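To convert, note that position 192 of the sequence shown is 192 in the UniProt record's numbering; the numbers rise steadily by one, no gaps.
Cβ coordinates follow ideal geometry from the N, Cα and C atoms, glycine included.
All values derive from a computational prediction rather than experimental measurement.
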Amino acid sequence: MAKYLYRLGQWSIRHAKAVIFAAVALLLVMGGLVLGFGFEFDEDLSIPGTSSQDTIELLKEEFPEVGNAGGQIHMVFKAPEGKTLLDPDVQGKLSEVVAEVQSDKAVEMIYTPEMLQNYNADQTIAFAMVSYDSVAVEVSQDSIDRVQEAIQITEDAGIQTELSGDVEVNPFKMEFATEVLGVMAAFIILFFTFGSLLVAGMPIVTAGVGLVIGLLGIVFGTNFTSISTVCLSLAAMLGLAVGIDYALFILSRFRQEYARGYSVNQAIAIANGTAGSAVVFAGLTVVIALIGLAIPQIPFLAMMGFTGALCVFIAIIVAITVVPAVISLFGSRMTPPVDRKRTLGEGFAERVKLSGKYMNGWAKLINKFPVVVALAGTLVLGVISIPFFNMELGLPDDGFYGEDTNERQAYDLLKEAYGEGYHAQLVVVAKATDEDGEVMSKLETLQQDISGMDNVNYIANVIPKEAGDMAVIQLYPVTGPNDSETKDLVNEIRSASAEYEKDGMELLVTGTTAANIDISDKLSEALPVFAALIIGLAFILFMIVFRSILVPLKAVLGFVLSLGATLGFVTWVIQDGNYHELFGFAAAGPVLNFLPIIVVGILFGLAMDYEMFLVSRMREEYTHSGNARKAVLAGLRDSGGVVTAAGLIMIAVFTGFMMASDPMVKVMGMALAFGVLFDAFIVRMMIVPAVMILLGDAAWYLPKWLDKLLPNIDVEGEAIMETMDEPERLNKKKPVEVENI
């Protein structure tokens, strides 16, 4: 692999302007396609085949008035202080709003509070329901805008008005302000690494080009397949983080080779063949892990994996083609201070960067106390992992948004008016199990039984089918959709179905809580299989690369530690509510149900990135010297600084997404930020080198028969370095021994 990437680097140097032009042209083409075709995100997070989803499909078929109802927007009103919604002046304003919205031809019907009789006890809160002639996802933005403009009438009159419903009234938008903060932090880290504004900016620019191409491709893809907005956020997180890191790895190796005496062009090609090989291998590990999200056969999860993999793959291509081209164009302006004096910025960076004497000092400390360091790191991660064993899964609702958001304000108004259970409506379908059976004669008893169950507030509606073989019961619990009592109620109704089946009637349940239970169960079943397949494949790949059994075993066991700590910390903050406000979460609640499987796929790929860049240098040194201890210290000295910078950059990028308002994006950003923190700085920089020192030569043992069977992948670029001519000296001094320039 290394020699092909070496030649690719030479080709990129010779055609630098054409490569850069091609990247920019592709970006413009993708932008044109998106402008021409538009986009249409699909927020469906259902899982076909689950009980709750099958019930929804049954409702659509048998009760179209319930299952196939058009999209709805609820206009929630709260009267001004000292007034009620029945006061004549308030009623007049409500009528104006209704008339304005009704003028939209897409509106099928508006049910006013008077028609619905849904006033709360003191008649200060109620809602009007706007029903459209098309399903929620097909309601046009013009219709949504008309409602938002109309409610200004009541807002101006001092009547608080909020919007909710199944129509997305607050369309998704990338919150660039928070992401920019993450990028700025990454730029500062890069400046401290290199001491040059130009060099620090290059990885961000190249990563940005690749990211925009990938995101435009995803947006364009919404015209042909089902893609949710959370896919875009996840892909943006990954594409930006790995794009910067991969450029950093190649740029750092280029500067090392230049400092050793090679010319600019030689150093670029060597960097592309060596660090570029590690980038390709590590990047493909991430891609494989992301594509593996399709294993559980959950549509929205598979699409998250595919879209994330697309952005990571583009980041790899950009790193091994565009990055060498950009370095060659800037030439000597990208080189380290070998044959010239350090600039002011380089001198400042040299004093603060986490390499050089600091990394040497850390290596010596681990060398002196390997047992203490390994045990300390393991103990810390083990303690942090403890809350994971009590983790509860769920799906955030509007109650998890910040108090200043429209989603949260509408949620709180409805809760104030009707109680927490209003947001946890359950739909029970009573269905005859026999072809000639009926349920009408059993409905009264069924209603009494359901009303007598714990946590049932009231039954709102009963809709029998004309044929008499089926009926729908709509009920409201006392507690909210993510409360354990509501989950217990769903399970109680499902358990009661077994008793009713003796009388020829089956009970099916759907609703937010029922769907959350089914999704969480499905994901929990899929997680062990997914993790085993991904980790098993990675073990084999790492065994091929490092020609060892214990090194890949140590790598995956270290990942298990960082994974447990990540999920334990997230549970401690999100579910247990410890310092959740400090991290920007409006309320404590269950952990996002698809977070564990997402973290397994993504964090595993990123963890193997750091393992690759750190241990490949150890492997390179070991093959040359045969000294295991010296190899570990060389790996820390030469690659420790760049792994540290790469980890900090990823944490900065993920923290930027953690500051987003969307609860799902926020929790994913938090999990990945702390996952990288635990893995890069405790597992890879503490436990891995300490264990490698303790293992000694045994770390690199591979049976001869197995060595002959495994293909030889030259990730370290040994074939290149063996055939390279003596470096073209840039000065008369001895070549510089660099650890991480």
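Residues near K17 in its chain [Cβ-Cβ closer than 7 Å; skip 5 each side]: none
Contact set for G568: own chain, Cβ-Cβ below 7 Å, skip 5 residues either direction: I384, S385, I386, P387 and F388
Enumerate in chain order the residues of its own chain whose CB-to-CB distance from I20 is below 8 Å, with the five nearest sequence positions on each side excluded. V322, A325, V326 and L329
Label D662 either buried or exposed according to how many other C-beta atoms from any shown protein chain fall within 10 Å of its C-beta, with 16 as the threshold for buried. buried
Let me check one thing: in DSSP terms, what residues is Y458 bridge-paired to? For Y458, which the question treats as bridged, DSSP gives the partners Y476.
Would you call Y500 buried or exposed, if buried means 16 or more other Cβ atoms sit within 10 Å of its Cβ? That one is buried.
Cutting at 8 Å between CB atoms, please list the residues of its own chain near I110, excluding the five before and the five after it. V98, V101, Q102, A128, M129, V130 and S131
Quick one: residues in its chain with C-beta nearer than 7 Å to the C-beta of N118, no 5 flanking neighbours on either side, listed in chain order? A126 and F127
Name the residue from V591, P396 and N272 whose alpha carbon lies nearest to the alpha carbon of I316. I316 has its Cα closest to that of N272, out of V591, P396 and N272.
In angstroms with no decimal places, state the Cα-to-Cα distance between G668 and V676. Note on residue identity: the sequence assigns Met, not Gly, to residue 668. Those two C-alpha atoms are separated by around 12 Å.
Check whether the stretch 597–616 and the stretch 410–429 are in contact - that is, three or more C-beta pairs closer than 8 Å. With a cut-off of 8 Å, the stretch 410–429 and the stretch 597–616 do not count as touching, because too few Cβ pairs lie within range.
In its own chain, which residues sit with a C-beta less than 6 Å from the C-beta of A25, not counting the 5 before and 5 after it? none
Nearest-angstrom Cβ-Cβ length linking A289 and I250, presumed shorter than 8 Å: Their Cβ separation, rounded to whole angstroms, is 22 Å, which puts A289 and I250 out of contact at 8 Å.
Return yes when the Cβ of T154 is within less than 8 Å of the Cβ of T124, no when it is not. For T124 and T154, no; Cβs fall outside 8 Å.
Relative to the C-alpha of I459, which residue among E444, D436, D44 and Y476 is closest? The candidate whose alpha carbon is nearest that of I459 is Y476.
If I measure Cβ to Cβ from E485 and keep anything under 8 Å in the same chain, skipping five residues before and after, which residues do I get? D454, N455, P477, V478 and T479
Classify A6 as helix, strand or coil using the three-state DSSP reduction. Before going on, a small fix: residue 6 reads as Tyr here, not Ala. In this structure, Y6 counts as helix in the three-state DSSP scheme.
By the DSSP assignment, the alpha helix (DSSP H) with A532 in it spans what residues? T512 to F546
Span of the beta strand (DSSP E), counted from its first residue to its last, around A128: Segment I125 to Y132, the beta strand (DSSP E) holding A128.
Does the distance from the CB of G656 to the CB of L190 come in under 8 Å? no
Should M115 be labelled buried (16 or more other beta-carbon atoms within 10 Å of its own) or exposed? exposed
Mark L35 as exposed unless 16 or more other C-beta atoms lie within 10 angstroms of its C-beta, in which case mark it buried. Per the 10 Å Cβ criterion, exposed.
Which residue marks the beginning of the beta strand (DSSP E) containing G217, and which one marks its end? Here G217 belongs to no beta strand (DSSP E); instead the alpha helix (DSSP H) covers L197 to G221.
Below 8 Å between beta carbons: does that hold for R629 and N367? yes
Are the CB atoms of V643 and F613 within a distance shorter than 8 Å? It is a contact, given that the beta carbons lie within the stated cut-off.
Over what stretch of residues does the alpha helix (DSSP H) that includes A432 continue unbroken? That residue, A432, is in no alpha helix (DSSP H); its beta strand (DSSP E) goes L426 to A432.
For W572, which residues from the same chain have a beta carbon less than 6 Å from its beta carbon, with the 5 sequence-adjacent residues on both sides left out? P387 and N578
Distance CB(D434)-CB(G504) smaller than 8 Å: yes
So F77 is in the beta strand (DSSP E); what residue range does that whole segment cover? Q72 to K78
Buried versus exposed call for A634 [16 or more other C-beta atoms within 10 Å across all chains shown]: With 16 or more Cβ atoms within 10 Å of its Cβ, A634 is classed as buried.
Can you grab the Cα-Cα spacing for the pair G221 / F39, in whole Å? 8 Å
How far does the alpha helix (DSSP H) with S332 in it reach, from first residue to last? Element bounds for S332: n/a, residue is neither H nor E.
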